[in-house]
Structure formats: C-alpha cells, structure tokens
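Below: the structure, in structure tokens.
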Amino acid sequence: DPCPQWPYCRKRCSYCNFNTYVVPAVDEAVLRSCLVREAQTLLRLSQVHSITSVFFGGGTPSLASPGTVAAVLEAVAGAAHLPAGAEVTLEANPSSTSTSRLAGFRAAGVNRLSIGVQSLDDTELRMLGREHTAAEARKAVEAARELFPGRTSIDLLFGLPRQSRDAWAQRLEAALRLCDDHISLYQLTLEKGTALAAQVRGGALPAPSQDLLADMYQTARTVLVAAGFRHYEVSNFARKGALSTHNLSYWRADQYIGVGPGAHGRFVLSGEGGCSREARVQTLEPVAWMREVQSQGHGTRSRVVLSLLEQLEELLTLGLRTDEGITHERWGHFSPQLSLQAVFGEPGEARALQQEGWLVLDSGGLRCTWAGLAVLDSLLPDLLWQLQRV
Amino acid sequence: MALAGRAALRWGTRLPSPCPLCRPAWLPAACQRPYSSRGKEKLDMSTYPVESIRNFSIIAHVDHGKSTLADRLLEITGTISKTDRNKQVLDKLQVERERGITVKAQSASLFYNHEGINYLLNLIDTPGHVDFSYEVSRSLSACQGVILVVDANEGIQAQTVANFYLAFEAQLSIIPVINKIDLKNADPERVEKQIEKLFDIPTDECIRISAKQGTNVEKVLQKVIEKIPPPQCNTADPLKALVFDSTFDHYRGVIANIALFGGEIAKGHKIVSAHTNKRYEVHEVGILSPNEQPTHKLYAGQVGYLIAGMKEVTEAQIGDTLFLYKQPVEPLPGFKSVKPMVFAGMYPIDQTEYNNLKSALERLTLNDSSVTVHRDSSLALGAGWRLGFLGLLHMEVFNQRLEQEYNMSVILTAPTVPYKAVLSSAKLIKEYGKDQITIINPAQFPDKLSVSEYLEPTVLGTIVTPPEYIGKIITLCQDRRGVQKDMLYIDENRVMLKYLFPLNEIVVDFYDALKSLSSGYASFDYEDAGYQSADLIKMDILLNGNPVEELATVIHKDKAHAAGKLLCERLKETIPRQLFEIAIQAAIGKKIIARETLKAYRKNVVAKCYGGDITRKMKLLRRQAEGKRLMRKIGNVEVPRDAFIRVLKRETDK
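Residue numbers (UniProt numbering), protein chains in the order written: chain U, 1 to 390; chain W, 1 to 654.
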C-alpha cells in the first residue's frame, strides 16, 4: 500500500521531529511529477497487483492541492489495481481544511480524513506551536464529518506539560462530543531536538510524572471503551468497524511502499525477481530526493534485505500493539517452520510473562492483556531475546 | 610494569632519537624492539670502579617536580638528547602520562665527567603517590643517597615528611633541593627554614633550582658526586646481587633489575637464587639508560638488569639475593613483602570471558607483583578473583591498565580492607586451623557469635595544611574516627597533624575530601599502624529480599546506617524501573536499617509506531534485547552489569 509523503509544513510544531520542511514557496508541479514518477517506479518494482489503501502523510499533505493528490492516485491506479473500495486517507491540519478544499480532496479520490486536532484548548495549542485554535479545530472536524461521514479520524495529544488529570478528562469528554468513529490518542513524546523538549529540559516547563501519564492513559482507555470504542492499537480507538485499514497494515507487517522524501517502505521486489522483504528509506531532503527521482525514477537512499529473524522481530513488535495480537496464521505466513507455540509456548521469558498476566498465548495467537499493552516496551526485549535464542 | 625498552611501542614512537639502539624504520610495529643488541657494541663497564659510582633516588611529594628533574639529569648527562618532548621520560605507562603520576620505579644509568673523572650515576626514579610508597622504600635499598625535592611555592608536604623519614631511617645521604624557583610565588627562603626546622638540615645545604628551566641542575649532579658515598663493596668478593625490581617480557622472560653488592656478573655465569635455590645461566646483562643496553659484565656497585631464563616473575622475587653457583653468600636482608591495603573481587562480565580475563590478569600481574591474586568464586558472579591492591588509586590504575592494555571490562566489587577476627568458636578454629583469621571478602565475615573480637587495620596519617583549614580538617578526621596523635606548626604557614585512622575510613575518599575542603592545599600520607579492636558488622544490600553480593560490605557499626541509606538512594537512581515494585534495602543480619522503593512501570509503550518509526524502534529494541545477556539477575530483578560499579564509583567521585 503506498503512503506518499508531503514533506512541507507552513510552520514547525514545537514537539515535532518529523522530516518536514518549512519553505517560502513550494514548486508543486515538480514535486507532483516526482511523487507520480516514484510511485510508478516503486509499484513496478514491487509488482503489486492490488492496492488496499493509500495514505497521504507528511508534513502537512493537506497543503498540497487536490490536483496533486489526484495525480498520485491516477498514477497508482495506472500501475496497479486500485479498487473502488480502497481506503484513501489524507492527513489534514485544521488550518488547511476549508470545506471547499476538503471537497476538492474528496473529488480527487480521498475517502478518509485524519485531522490533527491535538488539543481542544487554546493554551495547549499555543504551547504545541499549532497554527489553529480550538474553535477552528472544531469547525474543521465538523466540516470533515459532513464530507467524510464515518471516515473522519481525529488525533489528540495527552501528557502535555502542566496538563492535569482532570483537564485531560475534560478534553476527552469534549473530543467525544466532537469526534466521528475513530480517535488516535498519543502520549506526547518529548523528542530530542524539539523546542518543547528543550523547554522541559531547561526547566521552563515541567515534565509530567510517570504516574500521571499512566493515569491519563488508563482514563482514556476506560472512557473510550465505555463510549463503545474498540481499543484496537496502543494509541488507536474505533467504533462501528472504522479501523484504519492502512495503519493496520503496518501492525500486521504487510507490505507497504513509501513514496516521497524520507518515506519508509517494506516490500518484496518481485519486479526484480526477488523474494525477500526489503526495508527501504527514501532520501530525506526534498530537493535531493527530487533530483534523484528525476534522474533514476526513484530516490531510494537505502535498501536492506530483512532476514527472517528481523522480519519476525518486526512482526512481534508491531503485532503486539494490536488487540488481535499476532495470529497463528500471520506468524505462519512468515515462519512456516517454527510455530508461535514452538517459540513462545516453551518455558522461558514469554511463559513467565503469561504467568504474570501480561501476555496471552492461545488459539487466537499471541497478544497482550489489558495490563500488558500499557507496558509493552518492557515485554518486548524479553520476547526478542527469547526469539533470538531459538 | 613495563620499563622503557620493554614497552617498545610507546618508547619507540614517542622518543625516536634518544635511544641509541633504535629500530629501523621499516620494521613493522609488532617487532619494534629498540633494545635489540644485534650488531651493536657492548659497553665495557670495567672502566667504572666502585669509587666512581653513585646510586641515588629522587624523592618528593607528588607534583613537586621529580620527573622533570629526572628528565633534565638525563639530558645533561647525554643519556637522552635535549628536546622539548622530554616530559616525564621515565613515566612509560599510558596511565602515568595521563594522570601525571609515577606508578612504577624506573632506573637509568647516567655517565658524567666531573673534574676529569668519569662517573657512573645510577638514578632510580620513584613513584609519587601514597599508594606506592612501598616502591620508594624498595628503590632506596639500592641507593646510598637521595635528592629530596621540595616545591619552592608549596613547601614541605605530607609526602615530603614521609619520604624524608624513609631515607633517614635507611641512613642515606640527603641532598635537599628546592625546585620551581622560577615561579612567581616561589619563596625558597621559607622552604629552607621549614627544612631546617623539620629535618634539621642547615639552610645553606639546600640547592635552589628550576628543573623546568635547567637552572642549577648541574650543581645537583656535582653534589651527588660530592655528598653521596660510593657503594661499599668489592669486585673481588663473590657475587652478591640484590633483585630490587622485575618485569616480564614476552620474548625474553623475566628481566630482573639488580644492584651488585659484590663480585661481577656476565653472560654464561651460573647463578643461584637464595630464595628458591634454583639455578640459572645468565643470558644477558646490561645497564638501563633508560632502555636496556647490554654490557659485557656488571661489576660490584653497579646497577643494571639481568636475563637468565626465569620464566615467571615469582622466580625473581624482589628482595632476593643472587650468587654464583657453588659460591653461596650471606643473603642481603630482603624487603618487607608488599602488604595489600584494599581488596576487591574481580569477575568477568560474562563467564565466557573468564579465560581471556585470566590471561590478561596473569600478564598484567607479571609486571605488577604488588597485586595479590586469589581465585574466588561466588554463586552470583561466577568464577573470578579476589585481588589485593596497595590503595584505591592502585586499584583504579590496575583496572585502567586492564582496559587500556588488554581491552578487558570487568565487574569489580566494593573495595574492602583486610579485617581480622579472633575466633571463639571451637568449630571454626578447627576449621581454619588457627584462632585468628583475616577477612578479605565480606562473604566470609564470621558471625558475631563465633567471634570474641573483630580487628581493623589502622594507619598513622600525616596531614600538612595551611592553618586556616585546621578546623575543618579536624572535623573531617573525627568524622572518620581518627584519633589525634600530634600537631606541630612547621612555620606560620604550615601545620602538620598526625592522626591514627582506621584504614577503611581513609581508603576510599578521604584524600578527595581533604583536598576539596582545603581548596587543594592540604596534603596527606599514611603508613601502616597495625590493628585495633573494632565494632564491625557486615551490611548486606537486598533487592526484593535477595542479597547483592557485589555490595556486601564490612563496616563499623556507627557508620552502617548512613552508608546503607546512601547506597539505597543511589541504587534507586541507577536501577531501571521494572514491571514490579522493587524494595531496595540495607540489612544487618535480619534487621533492615534503610529502605528505598522503586515503583513498578505502569506505562511503558511508545505512542507512535508507524512505517517510518519502525526502523528506529527495532534498533532500540534489539539493543535492549542484547542487553538482556548482560543483565545481572538478582532474584527476579534485572540490574545492568555496570549499575553497581556506578554506585560504588560515585562514592569515590564524591
């Protein structure tokens, strides 16, 4: 599934360390032709027959014109089968989502919108360096729901400096009144090199305590599940089956193709007669990336063949983030010889973690318990260590 | 520890010109052998009769310029050529140069013409830290005199006093030298008065020099010739050679440094060790200049080296006497054997590294016979060793050399001093075959019920300080259970204090504390002062009820509470959170005296993990999974291997 990247933003948010660029003027025509060209090249290399989802991420892809989105989708449809029901998501900022633009995106083929609301409090939004107000965010979500009913998702952040448990509970209630059938709740990660991290390190802003963060997460899970949402991934909630098909493909370790500056992909190069899964990273810097696409059809900076062990490690790390976990079938797809049971059913770390109530291994596969999901990163090193020894 | 020529790499690369037997440029690094004697003419040492020989040491407080003076003496006598690069020429080890200290005594033979006579001056440089004072006394036994160097600015310091008495008791001639007179704050007159008051040496006998600039250094050499008597011995006597140091060379075996107190020695001689009674044939003799330079013979009164097919350093016991086969002599009085002051367990981080570490230890101790090694093992840490060191600096230096020269990382347990226990339990007395045992491992600390008395080692400490710090220093000493024995004003600027300390109170961080509260002005030295009765207990550190063997310590009862609390607090900061709560406790027997609680993780999962995040996440996870291999499991608690060392190290950094 392709995920084209739009690498530009109007303004860099204080917490963001993504590969984004703020430039005075974007030469959209060139960028568009490069996105199209790279998508065609990579799809040809992969020999993928049918596409299940497309995800426009970034950056701020809602800054692109609907024409660019349409061009990329046309290229995808030209290189592979793109069924009418395929999920086509666009990430959007409340500040670039007027109803007319949204209608334009819909006309171009977008059928799902993910809106970066982040907070419904103006003070918090300012701290995050967002361009929009809470009112604008509300308006954007309402407009999106009109055009993409049942297929509008919102992102919210928690664990902001000075955010109390009660304040978070209030934001959550407000978000529930506003939202459609999909919510992503992310604990704010203070990434090195960001303005916000520097303020916290310098003491200008307090870092929230570990206990508070744990409480906020538990609150959110409880409230959303009570509101009928399925907690289907660490940070993702959906009701009425509105799960993100595209994101599920990451967590199920399916194939995906990254298009655009700094995009990552995982796919088998059937077009070159290959049969092994590769990790690909495209060139980070947009201008260099465009030059490479123009001269050789794609801007792949690195290609690494993933060993069976590495593939299983990724499957484990990603699959356990979901409520379904890793099914026997999926594991068998990667590892026909050695079953889940053979690796993790034997005495060892996984068995101990099951006994302690963090993990379950049964006929459905291997997955986290409710408590285990919140501490997954403490379980994974043990599981990987056990896997490596098999 | 390696001497010049033996540490071929370092010497060869740093000082290309001074050594007369340099390697050809085309020789690959691995065969840099600047001491190679092939094609070189051997020196004839018979032209230096006993009357023209002087054997001397330089002794000084640390940083008073001993090594710089040695550099100048080597230059003036043409032993090394004069360049700007001659800095601490005799300090060969990487640690010595990095830390600016001398760890290992070094020797050099200097040739000097004075009033038409060719003299052979044997200089033995000595270490400059309290930990290594045994090296000083060892070096002095081959000498008839010393140059006592005192800094013209700092004046007499604790080590000056200690070194002076070592030389004085050995009845050596003492040449007082006041160094660094070029410094702005130099006050040689004041220092001369201090020397007169404390050592009873007339002020006009002091030589004022600047070793750095070379001022009056020539005069020092002349005084060495005039004031220091030649050794009292005769070449016509049977061979009598004192082994005063030894090192190990991988190609040639043991190289023994010897001082001849009678007779002569040459290649082909059959010699016997008075200590082991083993017989050897001499392969090579020579002088150190400061690299090994082979000679035809060595004669009575001379100092040099000998290679005689000894395979292990223990065969060249320091203090041993060598004599000619079938011509036995009365052995020279040997040295007191080196007494380790600090013990610590050393274990490989991974048991698969055991054999590598074993061979690294064997090789390093070959050149540092002051480290004692006992095999040891523990349930928790596996097979390892209990090592004895001269002091904490010595332990650090040894550890640093293991890392630098052998690329070995190890687990070191908390340092402990050699306590004793007088046993009252008949069963234990029978078991040990004696009623008094030395405890070098806290794991072997006998229970109070089977002991009539515990004993702790003590030292007599000398502190020299400007008077304004006396108050703080006395408080520090009392806090360390010190008992004041003496207090003397050397002059209006210097006070000398003498305290009896329990060794364990000063061994870890006393020197650092003293330096910091006196802004670096107070100095410290100590000497062994026997054992005293003490109220000792064994303190365990527990993680969720399971003892951490690395951190078990024997400690005075009055100190246990504070030390336990500190250790628990530090562990809490060092151990990563886990899936369950961890109780960190200090315990004496069954009684808990301190506790910290490390709370369980309630949330630990990365918020976003999409396409672009996966590679980064996997990298981190693989490192963590790999780290599991190096985790020390105490009960169900996982502790990074370096956590305990970090806890202990910070104690020394305080």
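Glycine included, C-beta positions come from ideal geometry on N, C-alpha and C. The structure displayed is predicted, hence computed values, not measured ones.
At a beta-carbon threshold of 8 angstroms, the residues of chain W lying near Thr-189 (chain U) are Val-606, Ala-607, Lys-608, ordered along the chain. Asp-249 (chain W) places its beta carbon 7 angstroms or farther from that of Asn-257 (chain W). Taking 7 angstroms as the upper bound on Cβ-Cβ separation, chain W lies near no residue of the segment 79-111 of chain U. Every alpha helix (DSSP H) stretch that sits fully inside the segment 371-444 of chain W and reaches 4 residues is listed by chain position as 392-406, 426-432. W:Tyr-112 is the residue among W:Tyr-112, W:Leu-322, W:Cys-477 whose C-alpha sits nearest the C-alpha of Gln-222 (chain W). Its Cα nearest to that of Ser-164 (chain U), the residue U:Gln-210 stands out among U:Ala-134, U:Asp-155, U:Leu-190, U:Gln-210. Arg-641 (chain W) has a beta carbon lying at 7 angstroms or more from every beta carbon in chain U. Between Arg-622 (chain W) and Tyr-601 (chain W), the C-beta spacing is not below 7 angstroms. The alpha-carbon of Arg-145 (chain U) is positioned some 13 angstroms away from that of Ala-92 (chain U). The closest CA to that of Leu-390 (chain W), considering only W:Leu-381, W:Thr-416, W:Asp-376, W:Leu-402, is found on W:Thr-416. Put simply, the CB of Pro-381 (chain U) is near chain W, with a gap under 7 angstroms to one of its CB atoms. Of the residues assessed, Asn-291 (chain W) falls on the buried side of the cut-off, its CB having 16 or more other CB atoms within 10 angstroms. The shortest C-alpha to C-alpha distance from Leu-147 (chain U) to any of U:Ala-204, U:Pro-286, U:Leu-308, U:Asp-180 is the one to U:Asp-180. For Gln-351 (chain W), the nearest beta carbon of chain U is not closer than 7 angstroms to its own beta carbon. Contact between Val-375 (chain U) and Arg-367 (chain U) does not hold, since the beta-carbon distance rounds to 14 angstroms and is not under 8 angstroms. Residue state for Ser-107 (chain W) is assigned as strand, using DSSP reduced to three classes.
Note that the C-beta distance between Ala-186 (chain W) and Gly-65 (chain W) is not below 7 angstroms.
Annotation: Cβ neighbours of Tyr-256 (chain U) in chain W (cutoff 7 angstroms, chain order): Gly-611. For Ala-421 (chain W), the closest Cβ of chain U is not nearer than 7 angstroms. Taking a C-beta distance under 7 angstroms as the contact criterion, Leu-571 (chain W) and Val-647 (chain W) qualify as a contact pair. Assigned with DSSP and collapsed to three states, Asp-512 (chain W) falls in helix.
For Ala-625 (chain W), the nearest CB of chain U lies under 7 angstroms from its own CB, placing it at the interface with that chain.
When secondary structure is reduced to three states using DSSP, Met-539 (chain W) falls in the strand class.
Distances from the alpha-carbon of Leu-213 (chain U) to those of U:Gln-187, U:Gly-193, U:Ala-238 put U:Gln-187 closest. Listed along chain U are His-264, Ala-279, Val-281, each with a C-beta nearer than 8 angstroms to that of Thr-615 (chain W). For Val-234 (chain U), at least one C-beta of chain W is nearer than 7 angstroms to its own C-beta. The Cβ atoms of Ile-437 (chain W) and Leu-543 (chain W) lie no closer than 7 angstroms to each other. Chain-order list of chain W residues neighbouring Arg-321 (chain U): Cys-609, by C-beta distance under 7 angstroms. Excluding residues up to 5 positions away in sequence, Met-45, Leu-260, Glu-264, Ile-265, Val-285, Gly-304 lie with their Cβ nearer than 7 angstroms to the Cβ of Leu-298 (chain W) in the same chain. With 16 or more other Cβ atoms from the protein chains shown falling within 10 Å of its own Cβ, Arg-72 (chain W) counts as buried. Less than 7 angstroms separates the beta-carbon of His-264 (chain U) from that of Val-281 (chain U). Interface with chain W (7 angstroms Cβ-Cβ cutoff): Leu-376 (chain U) is included. In this structure, Ser-57 (chain W) lies near Leu-140 (chain W), with their beta-carbon atoms less than 7 angstroms apart.
Rounded to whole angstroms, the separation of the alpha carbons of Phe-237 (chain U) and Val-606 (chain W) is 16 angstroms. Cys-275 (chain U) is classed as exposed because its beta carbon has fewer than 16 other beta carbons within 10 Å across all chains shown. The segment 127-146 of chain U makes contact with the segment 3-15 of chain U, as at least three CB pairs between them are under 8 angstroms.
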